[in-house]
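Every position in the sequence shown, counted from 1, becomes a number in our numbering once 1139 is added.
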Amino acid sequence: MKLVIIAAGQGSRLRTETKSKPKALTTINGSTIIDIILNNCRVNEINDILIITGHDRSSIEKYLKGKWTDLNIEFIYNEDWRLENGLSVLKAKSAISKNEEFMISMSDHLYFPDLMNKVKKSSLSATVANVGLDFNINDIFDIDDGMKVMVRSKTMLVEAMSKKLSKYNAIDVGLFKCGYNFFSFLESLNKAGSCSLSVGCNLLIEQKLLGGVDIEDSFWLDIDTPESLHFSRNNDTISKLIREQDLN
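Put into C-alpha cells, the structure is as follows:
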C-alpha cells in the first residue's frame, strides 16, 4: 500500500511562524511533521510514499535527502499547487497500480502510528474511500475550523461533510484510505472545473460510498494556524507521544 502526502500548499496562515517554508517541515519538540508521518509509515509497514510537492518543493526534497532510506519515497511536483488539493491527489495516479488501495494524508496534520493503523485496516468492501473521524468533538482544539461530518452510526456511512455544518457528530482527521476508482471521481470534478478533496468526498457521499473510521482515543491535531502550532509546542501529551517515537 502507498501513502500519498499532500505537501504542495503554501501554508499562508502559518507564514508568520514558518517564514513561508512548507508546513510539512514545521518543527514540534525537535521533530518535523513529515518525519512523524514517515515514522507512522515505517511502523505500519507502508513502505512506498508519494510526496506531492508544489510551493518551495526544493526545501522538502533537500530536507529528506539521505533520510528514511528504508522507505521508497517519490517526489511528484504539482505545478498547479495554487489550485484545489484534489489535483495533488490526481498527480499520484500514474504511480499507483489499477485496483490498488492507497492512503492520503495531509502534511500539516499531526498524528501517530495507532491512528494510521485504524484507517489502514478499514475495509473498502462497500465504499470507495474511508476517512478517519474523531467523535470526541468536545475535545477538538479548533472546532470552528474543523471539517465537520455527519455519520450514520450503524453503517458508518458519511451523510454530510462541510466546515459549515450546523449538525454533526464527528470531525475529519485528514487521513483517508481509498480505492483506485476514487481517481475517476476526482477526474470528473476536474473536467467540471473544480477538484477539491472535500468536493470529491461529497460526490462519494451522494452515492453512499464514503465510509468513516472511528479513531477512538487516538491523538491528532490539525496544525495550520499560529494558535494550533503554539498549542502543539506546549502540550505535555504531544511532547510525550513524540518522545515515544523512533524518529532516527
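Backbone N, C-alpha and C fix where the C-beta goes; we use that ideal spot for every residue, glycine too. Just so we're clear, the structure is a prediction, and the values are computed from it rather than from any experiment.
Hey, Ala1147 and Thr1192: beta-carbon distance below 8 Å or not?
Mapped onto the sequence shown, residue 1147 falls at position 8. Mapped onto the sequence shown, residue 1192 falls at position 53. Taking 8 Å as the Cβ cut-off, Ala1147 and Thr1192 qualify as a contacting pair.
Do Asn1186 and Tyr1210 have their beta-carbon atoms positioned less than 8 Å apart in this structure?
Along the sequence shown, one-based indexing puts residue 1210 at 71. Along the sequence shown, one-based indexing puts residue 1186 at 47. The identity of residue 1210 in the sequence shown is Leu, whereas the question assumes Tyr. Going by C-beta atoms, Leu1210 is nearer than 8 Å to Asn1186.
Could you check how far apart the C-beta atoms of Met1286 and Lys1302 are, in whole angstroms? I think they sit under 8 Å.
Sequence index remark: in the sequence shown, residue 1286 carries index 147 (1-based). Sequence index remark: in the sequence shown, residue 1302 carries index 163 (1-based). Correct: roughly 6 Å between the Cβ atoms.
Quick one: what's Leu1142 bridged to in DSSP?
If you number the sequence shown from 1, residue 1142 lands on position 3. DSSP output for Leu1142 lists Ile1188 and Met1242 as bridge partner(s).
Express the C-alpha separation of Pro1252 and Lys1206 in angstroms, rounding to a whole number.
By 1-based counting over the sequence shown, the position of residue 1206 is 67. By 1-based counting over the sequence shown, the position of residue 1252 is 113. Whole-angstrom Cα-Cα distance: 19 Å.
Can you tell me which of the three DSSP states Ile1310 falls into?
Within the sequence shown, numbered from 1, the residue matching residue 1310 stands at position 171. Looking at Ile1310 - three-state DSSP - the assignment turns out to be strand.
Can the beta-carbon of Lys1160 be found less than 8 Å from the beta-carbon of Ser1197?
The sequence position of residue 1160 within the sequence shown is 21, counting from 1. The sequence position of residue 1197 within the sequence shown is 58, counting from 1. No, they are not a contact pair.
Buried or exposed: Gly1313, going by 16 or more other Cβ atoms within 10 Å of its Cβ?
Residue 1313 sits at position 174 when you count from the first residue of the sequence shown. Under this definition Gly1313 is a buried residue.
To the nearest whole angstrom, what separates the beta carbons of Asp1247 and Ile1377, a pair I think is in contact under 8 Å?
As a first step, residue 1247 is located in the sequence shown; it is residue number 108 there, counting from the start. As a first step, residue 1377 is located in the sequence shown; it is residue number 238 there, counting from the start. Contact doesn't hold; Cβ gap of about 14 Å is too wide.
Between Val1290 and Ala1231, is the Cβ-Cβ spacing less than 8 Å?
Locating residue 1290 in the sequence shown gives position 151, counting from the first residue. Locating residue 1231 in the sequence shown gives position 92, counting from the first residue. No, the Cβ-Cβ distance between Val1290 and Ala1231 is not below 8 Å.
With distance defined between alpha-carbon atoms, name the residue in Asn1256, Asn1238, Asn1308 and Ser1333 nearest to Glu1184.
The residue labelled residue 1184 in the question sits at position 45 within the sequence shown. Of the listed residues, the one whose Cα sits closest to Glu1184 is Asn1256.
Alpha carbons only, please: which of Leu1348, Gln1384 and Met1140 is nearest the one belonging to Ala1234?
Within the sequence shown, residue 1234 is the residue found at index 95, counting from 1. Closest by alpha carbon: Met1140.
Assuming contact is defined by CB atoms lying nearer than 8 Å, are Asn1269 and Gly1332 in contact in what I supplied?
The count along the sequence shown starts at 1 and reaches residue 1269 at position 130. The count along the sequence shown starts at 1 and reaches residue 1332 at position 193. No.
To the nearest angstrom, report how far apart Tyr1307 and Leu1386 are at their CA atoms.
Your numbering for residue 1307 matches position 168 in the sequence shown. Your numbering for residue 1386 matches position 247 in the sequence shown. If I take the Cα positions, the gap works out to 36 Å.
What's the C-alpha gap between Leu1304 and Leu1343?
What you label residue 1304 is simply residue 165 of the sequence shown in a count that begins at 1. What you label residue 1343 is simply residue 204 of the sequence shown in a count that begins at 1. Cα-Cα distance, rounded: 17 Å.
Can you name the start and end residues of the beta strand (DSSP E) that His1248 belongs to?
Residue 1248 sits at position 109 when you count from the first residue of the sequence shown. Here the beta strand (DSSP E) through His1248 covers His1248 to Tyr1250.
8 Å is my cut-off, CB to CB: does Lys1232 come that close to chain C?
Among the chains in the structure shown there is no chain C, since it carries only a single protein chain.
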